[in-house]
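Note sheet for the following structure.
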Amino acid sequence: MTPPSAPTPKATPVGLVLAAVAAVFVLNFLILGYSTQMALKPAPTRVAPPAPIARATPAPVPPPALLARFIAVPPPADPHDAAWANAPELPVLLGPQEVSLPFGGGSVAEVSLRALHDGDTIAFRLEWADDSVNSARAVDAYRDGAALQFPLAGSPTPPSALMGERGKPVAIWHWRADWQDPAPTASAAEATWYPPNSELVARGFAQPPAPAVACVEYLSEGWGTLTRQPAHHVAARGNHRDGVWAVVFQRPLGRVMPHEPVFVAGESTHVNIAVWNGSEGDVNGLKSVSTSWTPLEIEKLPESDRLTARYVAGALPLDPTDPFWAAQPAQVVGLVPQRLVLPFGGGAVGRLHFRAAHDGRRIAFHLQWRDDTADMENGVDTYRDSVAMQFPSRGATTMPSPLMGERDKPVAIWQWRADWQAGAGDRLRRQPAPESLLVAATSFDTLPRGMFDRPVPETSAAKFVAAGWGTLTRQVRQDIAAHGVHADGHWHVVFVHDLATDDPTDPAFRPGETTAVNFAVWNGIAREVNGLKSIRMEWMPLHVEPAPK
Amino acid sequence: MPKVYNWQIGREMEYPYEPGRPDKQFSAVFDTNKCIACQTCSIACKTTWTSGRGQEYMLWNNVESKPYGSFPLQWDLKVLDMIGGASWEGDRYVGKTIFEKAVENGQTVEGFLPTLEDWSYPNCGEDEMAGEPLVGGYHIDEVAHPVWFYYLPRICNHCSFPGCLANCPRQSIYKRPDNGIVLIDQERCHGYKQCVKGCPYKKAMFNSETGRSEKCIGCYPKAEAGLATQCIEQCIGKIRIQGWISPPEQAREDNPMDYLVHVRKVALPIYPQFGTLPNVYYIPPMTVPEPFLRQMFGPGVTRALRIYREELPNDPELQGLLLLFGSTNQIMTRFDVRDGWAHGYRRDGKEVARVPITEPLVVRPAYDPQYDVVRLDTT
Ligand code: SF4
Ligand code: SF4
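These protein sequence lines are chains A and B, in that order. Position one of the first sequence corresponds to residue 1 (my numbering), numbered consecutively onward. Position one of the second sequence corresponds to residue 1001 (my numbering), numbered consecutively onward.
Spelled out as structure tokens, the structure:
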């Protein structure tokens, strides 16, 4: 199939109008004496596209994988930060897009790909040769750009590497040079003639969707289905130096929206790449692209293999911001999405920082994890942030299943919930509640107190016992204190409980001995609730330090 | 997954639990031809059950105009879209139920969670007409009107294979063994909203005040006393009748429910293709084009419409039963039609309703000799 030949340009009335507009601009520059740098800049010279790359015949071995290496510090946003030297480089060959009209691209033959993560944030760095920067938003020019594409979790086999397929969506992160640093196309005077259309901006038609967003997240289920995500959590920054573009994409390791790719430390997924070269007129299907997925391995977190509750003499503060907690060493716990029992889900939180201490009488746990939003509302269509710890019950003679216990081997579960902490007083409800509508008793009056989800008024945590999936039952005694604080994009939650009780469903914390613990974290904005949670598949040993006699 | 037989779709289907039949099954028939959208039913329910905080948006009974109305917005179109349309071969459904579609996607039930906004416009689309544009001098002289809308009153269907129940990961939802009413155990419920997602009819609702889900309770205290629900008893249009429905192979001709659903097949399930075997049945509106009705009530509409349009005028038995609608607040278990009168009986055999098929004609002469006045027809 040959692409249709381009029509010969003709002088059209539209062309005349454009010429007239251009003349007004030139006149404006002359009259107002603006810097002529832009006006005088020569039009970019068109370089001939390089000769097509001779592509290697496909080898039977799987394609080499990109390793997202773990580093102890946050991965850098700056593409030229020295930390990138830690990430192994993977060259990926690109070719012209020849599958769906309009065909084109191919001027970028190769990109170099690197990735890093620190358990909270994952970053990808893309580098390719391009001797010109094209970042103008102009009626007659195109801009440089690059995109990464990932399958969503839940697809057993990855969908088509070329923009997904029906029922098997892919996520696409699109960085554009013009979104990042738009080359000025409008003078200040012009802006007063044509004020920004705030109505269109408000409806999300503006490009980019928000100021300072250089990267837009899309979902695609095949050619022509590219759809903008309702919110954007990927930050991208490009840097052009010595004829080379280097772009870094960063996102929280855990997803924030349900239809975002899940990255799990210790697991693998796939990535694909597309690059647009503005000086070649690349846009849309005219791009340099790889026709197959590149496997992506995310390095396992260096986890603690045993958690410790240290002995301290003195108070165990319930306030997570108390300096006491900062002074305790943090241990790392890796989490994975819950994939065993319907409904599957989770994956928004990949790592917890764990601290614990006891004073011989009480035991306290401090859990911290990344979550950019505090989701306090459990409304008709909203979900709340939450965290739970699970221990074998004292009554379990042998070790129960780490996944909510099993028959005759119960587990004790402590759950803190942001909506409980928000409380009834400052309940965050968008639902209108005009008093005049309430013609009879309120639910509070008609339902016994025990029926409310908060076991005790003014509490933000509850104690449960479970002996297998679906058996979660509230404990009679609700003697748990917990408090959460959301600060700096992290939740910090402290639980405090008696070390020993006379209730056999409670955990057995015996100084000098080792028990076990598991965790579950829910991120409300990612619509996580119930089985949709990040957990551990195995128990983590928990050593309770001996108390001095 | 266990296989269950769903007679409404003419075949077996997968359902997460083994079938269990209650002693009696709650059931109702709504005659859409008579509903006037007065919303008395909605208010009867609202003032009885959902007048508390956290329940402001709830309408366990709602009445929406079809085709453009829906509460919550687009509930039915969204579910139809999610299961991939719906196709029938004769009386056999060959598309996917919400349970079968879910298997493909690694879920238990295919469904969606409406937003608060979706719940906020219960009267959206009210009285909006579908069909040809109206022009001056327009006359409608065909049945299946070229311009049309109709009212669809809806409650929980107390389904035999409930989607809400199937999707609850905590088994907080149960079907009462004595009357088939589907209830949410408020003590077990953890507020996961999975039932809201799993009910294709969107009749399970979340109470953000209690952190629990709630749903229509079939007015079970009244059902226990042999009385019809609030919405059925209060219906101004007398469009509703409540009873106990038998499985098709045990249908009894003198049971009002069985007669309408299984014997004459004039009352049809709503969206049987969802696969939940809903137990509220509808006599389809005779003025509406058939393709739309087939989508909503299944392939039985052709027969139901023919009976309603053509056979009913000469069928005293069916006429009598339709007249017993709304004639008593008691649940009728048996009816008969004799000598121009329809009689309804409750469980213990006592007659609880009697209506004439033809109202006696009373002619009042213009002159009243007793008071020596001429009657004016303005009084
Ligand atoms: S209509 Fe919905 S809420 Fe009622 S039983 Fe059926 S699935 Fe459950
Ligand atoms: S009370 Fe009866 S007539 Fe009125 S809207 Fe409800 S179902 Fe229709």
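Backbone N, C-alpha and C fix where the C-beta goes; we use that ideal spot for every residue, glycine too. A quick note: this is a predicted structure, and the numbers were derived from the prediction, not measured.
request  = On the DSSP bridge assignment, give the partners of residue 363 (chain A) in chain order.
outcome  = A:358 and A:497
message = Residues of the stretch 1108–1133 of chain B in Cβ contact with chain A at a cutoff of 9 angstroms, in chain order, please.
response = 1108, 1113, 1114, 1115, 1116, 1117, 1118, 1119 and 1120
message = Given 7 angstroms as the limit, tell me if residue 1040 (chain B) has its C-beta closer than that to any heavy atom belonging to ligand 2.
response = yes
ask   = ligand 1 heavy atoms versus the CB of residue 1102 (chain B): any closer than 7 angstroms?
value = Answer for residue 1102 (chain B): no, Cβ out of range of ligand 1.
ask   = Is the beta carbon of residue 512 (chain A) less than 8 angstroms from the beta carbon of residue 548 (chain A)?
value = At the C-beta level, residue 512 (chain A) and residue 548 (chain A) stay beyond 8 angstroms of one another.
message = Suppose you measure from the CA of residue 227 (chain A) to the CA of residue 1330 (chain B); what does that come to, to the nearest Å?
response = 55 angstroms
request  = Identify the continuous alpha helix (DSSP H) that holds residue 1291 (chain B) and give its terminal residues.
outcome  = 1290–1297
inquiry  = Does chain B have any CB closer than 8 angstroms to the CB of residue 444 (chain A)?
reply    = Below a pLDDT of 50, predicted positions are generally treated as unreliable, and residue 444 (chain A), at 49, falls in that range; the measurement from the model is reported next regardless. Residue 444 (chain A) counts as touching chain B.
ask   = What beta strand (DSSP E) runs, 3 residues minimum, are completely inside the stretch 294–381 of chain A?
value = Taking only runs of at least 3 residues, the beta strand (DSSP E) segments lying wholly in the stretch 294–381 of chain A are 294–298, 307–311, 331–334, 351–358 and 362–370.
ask   = For residue 438 (chain A) and chain B, any beta-carbon pair shorter than 8 angstroms?
value = Only weak support exists for where residue 438 (chain A) lies, its pLDDT of 49 falling under 50; the value from the coordinates is given anyway. Taking Cβ atoms only, chain B reaches closer than 8 angstroms to residue 438 (chain A), which makes this a yes.
task = On a CA-only basis, which of A:351, A:377, A:378 and A:410 is nearest residue 369 (chain A)? Give me that one, please.
result = Among A:351, A:377, A:378 and A:410, the Cα nearest to that of residue 369 (chain A) belongs to A:351.
query = Which residues in the same chain have their Cβ closer than 6 angstroms to the Cβ of residue 1156 (chain B), if we skip the five residues on either side of it in sequence?
reply = 1203, 1215 and 1216
message = On the criterion of 16 or more Cβ atoms from any shown chain inside 10 Å, does residue 1140 (chain B) qualify as buried, or is it exposed?
response = With fewer than 16 Cβ atoms within 10 Å of its Cβ, residue 1140 (chain B) is classed as exposed.
key: Alpha-carbon to alpha-carbon, residue 273 (chain A) and residue 66 (chain A)   = 12 angstroms
ask   = Which of the three DSSP states, helix, strand or coil, is assigned to residue 389 (chain A)?
value = strand
inquiry  = According to DSSP, is residue 112 (chain A) part of a helix, a strand, or is it coil?
reply    = strand
request  = Report the rounded CA-to-CA distance for residue 6 (chain A) versus residue 1288 (chain B), giving the unit in angstroms.
outcome  = Residue confidence for residue 6 (chain A) is low, a pLDDT of 41 falling below 50, so the modelled location carries little weight; the figure read from the coordinates is stated next. Those two C-alpha atoms are separated by around 52 angstroms.
key: Straight-line gap, residue 1100 (chain B) to residue 1002 (chain B) (C-alpha atoms, nearest Å)   = 12 angstroms
task = List the residues of chain A whose Cβ lies closer than 9 angstroms to the Cβ of residue 1171 (chain B), in chain order.
result = 470
query = Just by C-beta distance, which residues in the stretch 376–387 of chain A are closer than 9 angstroms to chain B?
reply = 377, 378, 379, 380, 381, 382 and 383
key: chain B contact for residue 411 (chain A) (CB, 8 angstroms cutoff)   = Interface flag for residue 411 (chain A) against chain B is unset, since no Cβ pair is found closer than 8 angstroms.
ask   = Is the beta carbon of residue 1155 (chain B) within less than 7 angstroms of some heavy atom of ligand 2?
value = no
request  = Could you check the C-alpha separation between residue 241 (chain A) and residue 162 (chain A) for me, to the nearest Å?
outcome  = 30 angstroms
inquiry  = Using CA atoms only, rank isn't needed, just tell me which of A:110, A:517 and A:172 is closest to residue 403 (chain A).
reply    = A:517
message = Considering only heavy atoms of ligand 1, does any lie closer than 7 angstroms to the CB of residue 1163 (chain B)?
response = yes
query = Do residue 364 (chain A) and residue 234 (chain A) have their C-beta atoms within less than 8 angstroms of each other?
reply = no
ask   = Residues in its own chain within less than 6 angstroms of residue 417 (chain A) by CB, not counting five upstream and five downstream?
value = 384 and 386
CB of residue 296 (chain A) within 8 angstroms of CB of residue 362 (chain A), strictly = no
request  = Would you decide whether residue 1142 (chain B) is buried or exposed? Buried here means 16 or more other CB atoms lie within 10 Å of its CB.
outcome  = exposed
task = Measure from the alpha carbon of residue 541 (chain A) to the alpha carbon of each residue in A:490, A:142, A:288 and A:303, then state which is nearest.
result = A:303
ask   = With respect to the beta strand (DSSP E) encompassing residue 550 (chain A), which residues constitute its N-terminal and C-terminal limits?
value = Chain A is shown only over 1 to 549; residue 550 (chain A) falls outside these bounds and no answer can be derived.
request  = Enumerate, from N- to C-terminal direction, the unbroken beta strand (DSSP E) stretches of 3 or more residues contained entirely within the stretch 1319–1371 of chain B.
outcome  = 1334–1338, 1341–1345 and 1351–1356
ask   = In chain order, what residues of the same chain have a beta carbon less than 6 angstroms from the beta carbon of residue 356 (chain A), not counting five sequence neighbours either side?
value = 309 and 365
inquiry  = Whole angstroms are fine: how far does the CA of residue 280 (chain A) sit from the CA of residue 47 (chain A)?
reply    = Residue placement at residue 47 (chain A) is poorly supported in this model, since its pLDDT is 44, which falls under 50; the coordinates still yield a value, given next. Their Cα atoms are separated by approximately 8 angstroms.
query = Using the beta-carbon count (16 or more within 10 Å), is residue 1036 (chain B) buried or exposed?
reply = exposed
inquiry  = If I follow the unbroken alpha helix (DSSP H) through residue 540 (chain A), where does it start and stop?
reply    = Run containing residue 540 (chain A): none in the alpha helix (DSSP H); it sits in the beta strand (DSSP E), 540–544.
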